[in-house]
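Trainee: The numbering of the sequence shown is UniProt numbering, which starts it at 1 and goes up by one.
Backbone N, C-alpha and C define an ideal beta-carbon position, used for all residues, glycine too.
Take this structure, written in structure tokens, and hold onto it; I'll ask about it next.
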Amino acid sequence: MTELLTAAQMREIEQAAMASGEVTGLELMERAGRGVVDAIFEEWSDLAQASLSDRGPAHQQEGGRVPKAVVLCGPGNNGGDGFVVARLLKERGWEVHVLAPENTTKMPPDAATNRSRWKEVGDILPLNRDGLRSARDADLYVDAVFGTGLTRPPEGELAELLSYLAGSGGDHGYFQPRMVAVDVPSGLCSDSGKVLGCPEPEPFSSLAPYARLTVTFETPKPGHFLAHGPELCGQLVVRDIGLTKWRSVNADGRGLRLPRLQLVPPMPNGPDEPHVHSRPTLRPKIRGHKFDHGHVLVLTGDRWATGAARLAARGALRMGAGLVTLSAPRDAAPEVAAQITALILRVEDNADQLAETLEDDRIGVVCLGPGLGLHARAQERLDAVLAAAPPPGKGTYLGRGRRLVLDADALTLLSRRENPFQGLGKHVVLTPHSGEFARLFPDISARLAGPQRPKLLSTKDFTGEALQEGLAAAMAYREALSAERGPAYSKVDAVRDAAKRSGAVVLLKGADTVVALPDGRAWVHAAVYDRSAPWLATAGAGDVLAGFISGVMARGHMPHEAAILGAWLHVECARSFGPGLIAEDLPEVLPSVLKALLQP
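This is the structure we're talking about:
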């Protein structure tokens with residue numbers, strides 16, 4: 001899998017490379033700038049053709065208009081990359097306008113050197129709106145103002161400039177189609193995908209510019225896939241700048257450095273993907289019977305509320321579980337029986353009857369929560385599952401209990417227990433959406449959300465004490481935003497903390513799904529860029545995901561692997577089906593997706 005590097009990890013790797021004496025900071029900056037230019041010409045082939053050819057500038061001018069670029073260079077090393085981009089475009093015959101700060105006293109040495117090199121061939125305009133206006137109507141804008149090192153919200157003229165580029169002046173539609181960001185769009189936290197100074201879930205469109213193309217170096221960063229990152233980055237391109245050797249060892253140069261955060265690849269278990277062994281265990285066995293492929297028990301809710309559990313059960317069955325049993329209360333049994341064929345139905349009215357069923361050591365996975373309900377009987381059924389003694393056979397996971405998938409209502413019921421996480425462990429997968437996550441981990445969720453905007457004042461609050469309180473709350477809110485410091489607390493941080501606290505595998509749903517283990521290992525599965533599947537936001541899709549994960553676990557995967565692969569297949573099914581998808585379609589399209597995946 002591809003490792004996602006935080007800003008601190010990337011700095012550590014760069015420093016190790018430079019300390020070795022094998023490469024200098026200037027060489028790395030030159031490679032980065034050249035990588036950006038190459039990516040530009042790959043994205044805009046017409047601009048590459050319009051650039052200086054071997055026949056010289058005169059031919060270029062005879063052939064048509066000279067391309068024009070505006071490069072915005074900030075005060076740090078990201079700005080240094082921008083000066084390299086500007087110089088290389090100038091060498092290709094472009095008309096290049098560079099905007100940069102006048103004060104260079106705090107500019108890093110390598111960036112200052114590249115600024116001086118640019119000054120030998122071109123002028124520098126002020127890095128503000130006036131400078132931008134004087135260089136309008138360009139074919140290309142390069143955002144090299146702030147990169148991965150940004151730790152606080154932009155201020156003053158730079159904040160005003162970035163807001164203008166983002167569309168506060170009504171020009172978003174002009175800049176975005178021709179904007180290239182170096183490393184990240186300025187203002188975006190590369191560790192979290194948040195826009196610094198903008199809390200969740202407020203609109204961010206006026207605080208950071210949108211790019212059509214973002215060029216980053218060596219590996220993607222978490223912020224390219226989390227939160228607002230994909231929307232702001234446009235298309236993401238990663239350029240190699242020769243740091244592979246130093247990525248694989250610890251900072252002291254001794255021993256291998258193990259990845260802590262990885263991106264689930266477009267195709268799991270490709271030739272270079274040893275971490276998720278999807279093909280061997282999902283391939284049908286040559287010999288064996290249904291119990292060799294695993295037995296999943298899914299608990300349904302009451303009458304008129306069985307649809308979610310039936311979706312989960314069908315998902316597990318289509319995933320290849322050898323047997324799927326639905327446990328339903330007596331009043332719901334006729335409704336369930338009328339809707340199922342290949343599934344087994346067990347009628348269980350109370351916790352004692354459920355406990356008796358759980359004595360069957362062939363049941364390896366229990367999935368509960370979809371449509372379970374929030375009443376006392378549902379709570380008793382959850383408690384019975386958590387209290388069930390581990391069976392002696394295949395249903396155990398390292399001797400620590402039956403493997404469980406807890407979703408939907410089960411998570412809300414879990415949050416109501418005096419000790420919510422008692423009885424959990426790495427044999428349990430929790431699959432909350434953001435609301436369920438907030439109920440289970442309220443403090444972690446609040447930290448992830450950041451400062452919350454106070455409620456708007458109504459006309460009746462415009463006088464007296466209410467007005468004073470409202471103004472004070474608004475002022476405190478603004479101060480909290482301006483005081484934010486990066487790297488911002490990310491979704492990965494939150495899921496890691498939740499997994500550590502609960503002791504379970506946690507999968508927090510979303511377009512930027514994150515899976516984490518209690519030991520801190522984490523994976524990002526992002527349905528973004530070319531894997532975007534917005535039609536997956538439909539009722540019941542999460543229930544099917546719980547079934548997919550249960551089915552993969554029944555086939556022998558470790559719980560965290562099942563969560564990763566289940567999430568990947570969930571999105572792949574949605575992409576295969578396309579617009580118009582409803583939850584019932586997901587299990588039905590899964591066989592064709594699996595067939596393609598398992599082909600040699």
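Using CA coordinates, which residue listed in LEU213, PHE217 and ILE241 is at the minimum distance from GLU231?
Mentor: The shortest Cα separation from GLU231 among LEU213, PHE217 and ILE241 belongs to LEU213.
Trainee: Could you check the C-alpha separation between LEU127 and ALA135 for me, to the nearest Å?
Mentor: Looking at the two C-alpha atoms, the distance is approximately 11 Å.
Trainee: When you compare only the Cα positions, how much space is there between LEU414 and GLY315?
Mentor: Those two C-alpha atoms are separated by around 24 Å.
Trainee: Check this for me: beta carbons of ALA321 and GLY520, under 9 Å apart or not?
Mentor: No, the Cβ-Cβ distance between ALA321 and GLY520 is not below 9 Å.
Trainee: Please confirm whether THR412 and ARG447 have their CB atoms less than 9 Å apart.
Mentor: Contact flag unset, no.
Trainee: Spell out the partners DSSP gives ALA181 in its beta bridges.
Mentor: In the DSSP output, where bridge partners are listed per residue, ALA181 has ASP143 and THR214.
Trainee: Would DSSP call ARG330 helix, strand or coil?
Mentor: Correct three-state label for ARG330: helix.
Trainee: Determine the DSSP secondary structure at ASP137, reduced to helix, strand or coil.
Mentor: Coil.
Trainee: For ASP130, tell me which candidate among ARG115, LEU162 and LYS119 has the shortest Cα-Cα distance.
Mentor: The option with the nearest alpha carbon to ASP130 is LEU162.
Trainee: With 16 other CB atoms within 10 Å as the buried threshold, where does LEU565 fall?
Mentor: Label assigned to LEU565: buried.
Trainee: Start and end of the beta strand (DSSP E) containing LEU348?
Mentor: Rather than Leu, the amino acid found at residue 348 in this sequence is Glu. Premise fails: GLU348 is in no beta strand (DSSP E) and is neither H nor E.
Trainee: Can you list, in chain order, the residues of its chain with a C-beta nearer than 6 Å to that of VAL298? Leave out the 5 residues immediately preceding and following it.
Mentor: Closer than 6 Å at Cβ, skipping near neighbours: ALA309, ALA312, ALA313, LEU326 and CYS367.
Trainee: Can you check which of these residues, GLY197, VAL249 and ARG501, is closest to LEU517 by C-alpha distance?
Mentor: Considering only alpha carbons, the answer is ARG501.
Trainee: How is ALA337 classed by DSSP in three states: helix, strand or coil?
Mentor: Here ALA337 sits in helix by DSSP.
Trainee: Would you call GLY393 buried or exposed, if buried means 16 or more other Cβ atoms sit within 10 Å of its Cβ?
Mentor: Here GLY393 scores only 45 on pLDDT, less than 50, and its place in the model should not be relied on; the value that follows carries that caveat. The residue in question, GLY393, is exposed, as its Cβ has fewer than 16 Cβ neighbours within 10 Å.
Trainee: Have a look at MET179 and LEU132 and give me their C-alpha separation to the nearest angstrom.
Mentor: Straight-line Cα distance between these residues: approximately 13 Å.
Trainee: Can you give me the C-alpha to C-alpha distance between ARG31 and PRO591, rounded to a whole angstrom?
Mentor: Cα to Cα, ARG31 sits roughly 45 Å from PRO591.
Trainee: Can you list, in chain order, the residues of its chain whose CB lies under 6 Å from that of THR216, leaving out five sequence neighbours each side?
Mentor: Excluding positions up to five away in sequence, the list reads ASP183 and VAL238.
Trainee: Taking HIS97 as part of the beta strand (DSSP E), name the residues at either end of that continuous run.
Mentor: That run of the beta strand (DSSP E) goes 95-100.
Trainee: What residues in its chain sit with their C-beta under 7 Å from that of HIS104, if we drop five residues either side in the sequence?
Mentor: The sequence shown places Thr at residue 104, not His. If we look at THR104 and ignore the five residues flanking it on each side, its Cβ neighbours are ALA112 and ARG115.
Trainee: Can the beta-carbon of THR2 be found closer than 9 Å to that of THR244?
Mentor: Cβ distance not < 9 Å, so THR2 and THR244 don't count as in contact.
Trainee: Roughly how many angstroms separate the alpha carbons of ALA337 and CYS233, rounded to a whole number?
Mentor: One C-alpha to the other measures close to 49 Å.
Trainee: Just to confirm the assignment, what range does the beta strand (DSSP E) spanning VAL589 have?
Mentor: Careful: VAL589 lies outside any beta strand (DSSP E), inside the alpha helix (DSSP H) at 585-598.
Trainee: Within 10 angstroms of its Cβ, does PRO75 collect 16 or more other Cβ (buried), or is it exposed?
Mentor: Buried.
Trainee: Have a look at GLY364 and GLY197 and give me their C-alpha separation to the nearest angstrom.
Mentor: Their Cα atoms are separated by approximately 47 Å.
Trainee: Is MET475 buried or exposed, if buried means 16 or more other CB atoms sit within 10 Å of its CB?
Mentor: Looking at its Cβ environment, which holds fewer than 16 other Cβ atoms inside 10 Å, MET475 is exposed.
Trainee: What residues match up with LYS491 in a beta bridge as DSSP calls it?
Mentor: Partner(s): none; LYS491 has no beta bridge.
Trainee: Classify TRP304: buried if its beta carbon has 16 or more other beta carbons within 10 angstroms, exposed otherwise.
Mentor: Counting Cβ neighbours within 10 Å, TRP304 comes out exposed, since fewer than 16 surround it.
Trainee: Is the Cβ-Cβ distance between SER490 and ALA511 less than 9 Å?
Mentor: Taking 9 Å as the Cβ cut-off, SER490 and ALA511 do not qualify as a contacting pair.
Trainee: In the DSSP assignment, find the alpha helix (DSSP H) that holds ARG239 and state where it starts and stops.
Mentor: Element bounds for ARG239: not the alpha helix (DSSP H) but the beta strand (DSSP E), 235-239.
Trainee: Can you tell me whether DSSP reads PRO442 as helix, strand or coil?
Mentor: Helix.
Trainee: From the DSSP output, read off the bridge partner residues of HIS295.
Mentor: BP columns for HIS295 point to LEU323.
Trainee: For GLU3, write down the residues that DSSP places opposite it in a beta bridge.
Mentor: Paired residue(s): GLN262.
Trainee: Across the region 75-90 and the region 136-155, are there enough close Cβ pairs to call them in contact, namely three or more that are closer than 8 Å?
Mentor: At 8 Å Cβ cutoff, the stretches touch.
Trainee: Quick check on DSSP: helix, strand or coil for GLU380?
Mentor: Three-state result, GLU380: helix.
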